[in-house]
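S.K.: Mind the numbering: the sequence shown is residues 11 to 147 in the numbering used here, read in order.
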Amino acid sequence: MNDPRQDSLSLLKRYYDAFAAHDHAGMLACLDEEVEHRINQGAVERGKQAFAAFMAAMDRAYEETLTEMVLFASDDGTRAAAEFRVLGRYLETAEGCPEARGQRYDLPAGAFFEIRDGRIARVSVFYNAADWVAQVS
């Protein structure tokens with residue numbers, strides 16, 4: 011018998027393993043076609059194409075490794091969360107942000123997920139943007 015909580019935790023593990031491997035196709039395979047992506051202190055984007063474009067832009071501007079990963083899931087498997095640290099390097103100036111000069115940063119962060127039919131239907135990522143700006147300024 012399937013355990014919905016464990017299924018969701020396995021899905022998040024695959025998603026973050028793909029992130030660590032810079033495997034965008036692997037990340038996209040974990041997402042619902044109409045995934046809702048709530049960007050930290052930014053827009054809400056929908057769909058795998060928008061998510062793929064976001065990841066491509068992130069790869070140009072940032073080099074990031076996630077550490078201290080802890081995954082959580084509700085008993086029914088419909089909600090999940092991740093807590094982690096982002097160790098990064100700022101490579102290319104992002105619009106409205108300080109100039110990139112290869113600065114390093116270390117941020118605590120978290121993400122919340124909605125899981126539907128074995129896929130991630132919503133991703134909401136949170137970190138302290140003011141802390142990031144202070145570290146790269």
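Don't be surprised by glycine CBs; every beta carbon is placed ideally from N, CA and C.
Using the Cα positions of R129 and P108, report the straight-line distance between them to the nearest angstrom.
M.R.: 35 Å
S.K.: Report the residue from A60, V80, C40, E73 whose alpha carbon sits nearest the alpha carbon of R48.
M.R.: A60
S.K.: Whether or not the segment 122-137 and the segment 43-57 are in contact is what I'm after, with contact meaning three or more pairs of Cβ atoms, one per stretch, closer than 8 Å; do they touch?
M.R.: yes
S.K.: Kindly indicate which three-state DSSP category S147 falls into: helix, strand or coil?
M.R.: coil
S.K.: Among L101, D42, L22, A131, whose alpha-carbon lies nearest the alpha-carbon of M68?
M.R.: L101
S.K.: Mapping DSSP to helix, strand and coil, what is A62?
M.R.: A62 carries a helical assignment under DSSP once its states are collapsed to helix, strand and coil.
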